[in-house]
């Protein structure tokens with residue numbers, strides 16, 4: 005919310021730089037995004053008067069103007085604005101001036117005619133296009149007739165004012181107004197504010213309730229009030245009001261609508277004006293919308309309403325406004341309007357927020373209704389708006405206010421003690437100090453023995469318990485003044501749980517093997533969430549997603565890693581090796597409220613894995629490199645039981661001939677393989693290999709204890725064996741037999757050769773293994789090794805129909 009510093013100074017005797025006040029607001033109340041002065045960076049822009057003009061001889065739209073800027077001679081300026089006219093005070097950028105965007109204006113020739121400067125529009129001074137009044141949107145701006153020639157224009161446009169942009173937190177909705185900010189600054193600086201409330205005199209001949217009837221559901225609108233103002237003359241607002249609005253970032257429309265926005269900014273109370281003649285049956289009703297009911301709002305967009313939306317309807321049942329958000333185009337105040345209905349209300353904040361989110365209509369009114377409204381100030385805001393329309397639009401205010409509903413609220417009283425305040429804040433404040441702080445805040449106090457009963461005004465609806473009062477004392481006393489102390493607590497030795505140790509160990513292993521950690525969003529699209537599923541699951545959808553690309557909770561990690569690979573590839577990084585450890589979310593039933601969160605671990609490699617050196621070329625990433633990484637990971641995790649890789653085609657997103665399930669002790673814990681070419685094409689990536697493990701299952705599995713084993717001091721004996729087997733026999737089958745039948749001294753088995761050429765029979769292949777035998781307690785004898793070696797050969801021949809070569 006942008007606040008004019010000069011507006012604040014009208015109600016507070018502040019004689020400090022705006023930036024200093026903003027810094028005080030940030031330290032004591034809410035965050036301040038920025039402090040800007042619109043004229044900063046602009047120079048040599050002055051008031052001028054168009055003395056005469058004539059058409060450019062070589063253009064059908066340019067004009068040659070003689071402009072008086074208070075100097076001895078007039079300036080000749082060529083201008084293309086369609087509304088330029090003689091006798092008008094205008095904004096003149098002199099030669100050598102700087103306008104918005106740091107553009108320098110020089111003397112130049114336009115189609116052969118010399119031009120000494122520029123006549124400016126509001127946009128050319130840096131005003132946002134959607135803030136410029138429509139009457140000046142396509143031309144230059146005319147200054148007031150009393151503007152002094154040659155003076156800088158900034159004071160006439162409010163551009164010499166500092167604008168403090170505060171970022172109001174949800175609990176401090178009271179500061180979404182000049183009124184709330186003034187009250188807070190008065191307390192912070194211990195000043196007496198002189199906030200002006202404009203008084204209303206009802207001068208109409210008719211009563212409000214004779215011109216309109218109003219019905220409201222108190223659950224939808226706890227407070228709903230209307231006034232009628234007759235005989236209004238709708239026209240542009242005076243300059244002072246327009247300046248107030250465009251400083252706040254609001255486009256001036258007309259004197260009636262602008263007053264409602266002015267009061268919104270001043271009091272934080274949203275108002276709406278209806279054209280009485282356009283309300284069917286002179287009747288308004290606050291009700292729930294009907295399913296598929298439609299409304300065209302003031303921004304000329306059409307919305308299909310739902311039964312959860314709250315609307316304002318006329319006697320024919322047609323919607324004339326979405327409650328608390330935006331009015332309908334069918335009841336808009338225009339130049340032809342003569343009688344208006346002025347509405348002030350308190351709408352249900354939850355319903356307002358849901359409607360605004362559902363239809364994506366975020367307005368200043370909705371923002372305030374969502375955060376809460378000062379229920380004690382509704383009538384005051386309504387009366388001031390009526391009084392200002394009376395002044396600016398020559399309207400007659402009808403007698404009386406119709407109160408369809410009115411919330412009766414008693415200011416809360418909260419009891420605190422001096423001892424407790426000092427105990428919480430670490431201070432030595434006296435009872436008088438605390439009461440003085442509440443006096444500055446405008447809170448009433450009453451002392452009862454050791455307790456202080458504090459009555460909180462309704463304008464501070466964020467305070468409802470003792471802790472809130474402690475915070476008020478602290479911030480007004482000054483956070484910088486609070487004593488600095490160390491917390492007193494029993495020291496404990498920090499440690500990691502078993503699960504945390506395994507999780508960290510897995511990350512260390514993968515990083516040591518050359519992978520880099522990636523962190524992806526837990527939210528993704530529905531299509532990506534369904535990919536790489538390790539178990540059946542329903543989607544977990546967000547009710548109000550910020551974007552469609554982040555609308556569903558992920559059910560695997562691989563799809564997110566593929567997005568990372570695609571991002572790197574798009575930036576010409578082809579060699580990618582990443583891993584991610586995080587949670588996935590499963591739902592066994594569509595009606596399940598909360599998904600089950602499971603820790604997973606996944607990795608991808610693409611391009612070349614490892615760096616090339618002078619004596620070794622980089623190797624393209626392949627299945628076996630990734631399998632080696634997974635093997636080492638499972639080895640370091642010390643899970644009990646054999647690890648197996650079983651070919652599978654169960655994952656449609658993986659290559660059916662290059663994918664395997666990962667089994668630990670015959671229990672499936674993940675998968676590994678090549679990404680299907682069609683999926684790789686979908687992600688716009690090259691050949692990529694991936695694995696994903698259920699880390700939670702690995703954590704829960706029994707682990708082998710790591711024991712120190714001394715290096716054997718006796719020599720090892722090696723034996724090589726080459727066998728010829730059928731092509732469908734796997735290495736794991738051979739390894740299983742060797743390890744089972746190799747005897748107690750078999751220490752290590754390595755496959756060192758695979759051959760399937762012309763030297764072996766068709767349909768068969770040759771496998772060669774190196775076996776290492778070690779006895780850690782004695783020297784091995786050949787007889788012992790030979791006996792174990794013969795047993796291996798026998799079982800390979802019998803069980804796999806192998807031929808020993």
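In the working numbering, the protein residues as written are 5 to 809. Heads up, the beta-carbon is just placed ideally off N, CA and C, and yes, glycines get one too.
Item: CB of residue 39 to nearest heavy atom of the ligand ZN: below 7 Å?; Value: Within the structure as shown, the ligand ZN is missing, as the structure has no ligands at all.
Item: Quick check on DSSP: helix, strand or coil for residue 319?; Value: coil
Item: Quickly, what does DSSP pair residue 456 with across the bridge? List them, please.; Value: 420, 451
Item: Could you give the uninterrupted runs of the beta strand (DSSP E) lying entirely in the stretch 85-133, keeping only those of 3 residues or more?; Value: 93-103, 112-114, 117-119
Item: Since residue 755 and residue 773 should fall inside the 8 Å C-beta cutoff, what is the C-beta to C-beta distance between them, to a whole number of angstroms?; Value: 6 Å
Item: Measure the beta-carbon distance from residue 474 to residue 428 and round it to whole angstroms, keeping in mind my assumption that it falls under 8 Å.; Value: 5 Å
Item: Could you compute how far the alpha carbon of residue 376 sits from the alpha carbon of residue 185?; Value: 15 Å
Item: Over what stretch of residues does the alpha helix (DSSP H) that includes residue 29 continue unbroken?; Value: 22-32
Item: Are the stretch 369-389 and the stretch 335-355 touching by the rule of at least three beta carbon pairs closer than 8 Å?; Value: yes
Item: Report the option in 401, 408, 563, 525 whose CA atom is closest to the CA atom of residue 680.; Value: 563
Item: According to DSSP, what are the bridge partners of residue 620?; Value: 617
Item: So, under 8 Å CB-CB, residue 69 and residue 129 are touching, yes? Tell me the CB distance rounded to an integer number of Å.; Value: That belief does not hold up - the Cβ atoms of residue 69 and residue 129 are roughly 18 Å apart, past 8 Å.
Item: Cβ of residue 154 within 8 Å of Cβ of residue 74?; Value: yes
Item: Could you pull the DSSP bridge partners for residue 587 from this structure?; Value: 603
Item: Per DSSP, what kind of secondary structure is residue 677 in: helix, strand or coil?; Value: strand
Item: Please classify residue 374: does DSSP put it in a helix, a strand, or coil?; Value: helix
Item: Name the two residues that bound the continuous alpha helix (DSSP H) containing residue 186.; Value: 182-193
Item: Tell me residue 772's beta-bridge partners as DSSP assigns them.; Value: 726, 757
Item: Which residue marks the beginning of the beta strand (DSSP E) containing residue 660, and which one marks its end?; Value: 658-668
Item: Sorted by chain position, which residues of the same chain lie with C-beta nearer than 8 Å to residue 430's C-beta, five sequence neighbours on each side aside?; Value: 486, 487, 489
Item: Please state if the CB of residue 344 and the CB of residue 267 are separated by a distance shorter than 8 Å.; Value: no
Item: Using the Cα positions of residue 242 and residue 426, report the straight-line distance between them to the nearest angstrom.; Value: 53 Å
Item: Mind checking who residue 525 pairs with in its DSSP beta bridge?; Value: Answer by DSSP bridge pairing: none, since residue 525 is not bridged.
Item: In whole angstroms, give me the CA-to-CA distance for residue 446 and residue 461.; Value: 8 Å
Item: For the beta strand (DSSP E) containing residue 52, name the first residue and the last one.; Value: 47-59
Item: Between residue 659 and residue 674, how many whole angstroms is the CB-CB distance? I'm expecting something under 8 Å.; Value: Their Cβ separation, rounded to whole angstroms, is 16 Å, which puts residue 659 and residue 674 out of contact at 8 Å.
Item: So if DSSP puts residue 610 in a beta bridge, which residue, or which two residues, is it bridged to?; Value: 580, 692
Item: Report, in whole angstroms, the separation of the C-beta atoms of residue 395 and residue 238, which I expect to be a contact under 8 Å.; Value: That pair is no contact at about 14 Å.
Item: Sorted by chain position, which residues of the same chain lie with C-beta nearer than 7 Å to residue 389's C-beta, five sequence neighbours on each side aside?; Value: 263, 264, 267, 275, 346
Item: Under the three-state reduction of DSSP, which class applies to residue 210: helix, strand or coil?; Value: coil
Item: Could you give the distance in angstroms between the alpha-carbon of residue 517 and the alpha-carbon of residue 661?; Value: 26 Å
Item: Quick one: residues in its chain with C-beta nearer than 7 Å to the C-beta of residue 319, no 5 flanking neighbours on either side, listed in chain order?; Value: 284, 285, 287
Item: In terms of alpha-carbon separation, which member of 505, 399, 627 lies closest to residue 205?; Value: 399
Item: Since residue 7 sits in a beta bridge, which residues does DSSP pair it with?; Value: 168
Item: Quick one: grab the DSSP three-state call for residue 303.; Value: coil
Item: Using 8 Å as the threshold, is the C-beta distance between residue 147 and residue 95 below it?; Value: yes
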